[in-house]
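Numbering (the working numbering), first residue to last: 1 to 126. For glycine and all other residues, C-beta sits at the position ideal for the given N, C-alpha and C. All values reported here derive from a predicted model rather than from experimental measurement. What follows is a short report on a single structure.
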Amino acid sequence: MFVADGGGGSTTSGPTFTGTQTLHIEPSAIPEALKAFTEAYDRVARKVRDLSSLPVQEWARDPVSGETAKQFAERTNTGGADSAFACLTGYQKQLRAAIESLQSAHADYLAVEGNNTDRWGKYDQA
């Protein structure tokens, strides 16, 4: 069965999420969460680089392998919103947004806690 004939299996539709999604993390857990998200981002970034440089060749240099290579390249890199590249880069953007949000929350937490520590320190000295 050729890819052009619809081979390669079918896609199943997964859950659809609408609206804003939130992640609640205790402030003291932010550094570890930030580390986990950063490591995941780095792994996905490597996969995106690997996928974008993946050579797609006509294995047998015949019309069948030529069409298969073309279809494979389209589904991997340029196949629209459901291509592997689009999925990975979308996930990469979500991870980047989560990292930036965690960094901001951590900075806010440290600013508030620093102010609270200063306030309590003044009472301890009185």
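{"Item": "Burial state of E18 (16 or more Cβ within 10 Å)", "Value": "The sequence shown places Thr at residue 18, not Glu. Looking at its Cβ environment, which holds fewer than 16 other Cβ atoms inside 10 Å, T18 is exposed."}
{"Item": "Residue nearest to T22 in terms of C-alpha spacing, selected from V112, D82, Q94", "Value": "Q94"}
{"Item": "DSSP-derived helix/strand/coil call for R43", "Value": "helix"}
{"Item": "Spatially closest choice to A97 from P63, S65, A40, by CA coordinates", "Value": "A40"}
{"Item": "Segment limits, alpha helix (DSSP H) that includes S65", "Value": "63 to 73"}
{"Item": "Neighbour-count burial assignment, L102, 16 or more Cβ in a 10 Å radius", "Value": "buried"}
{"Item": "Pick from A33, K47, V56, K35 that is closest to Q71, judged by C-alpha positions", "Value": "V56"}
{"Item": "C-beta atoms of A34 and I99 nearer than 8 Å", "Value": "Rather than Ala, the amino acid found at residue 34 in this sequence is Leu. In contact: L34 and I99 (Cβ atoms closer than 8 Å)."}
{"Item": "Residue environment, T68, which counts as buried when at least 16 other CB atoms sit within 10 Å", "Value": "buried"}
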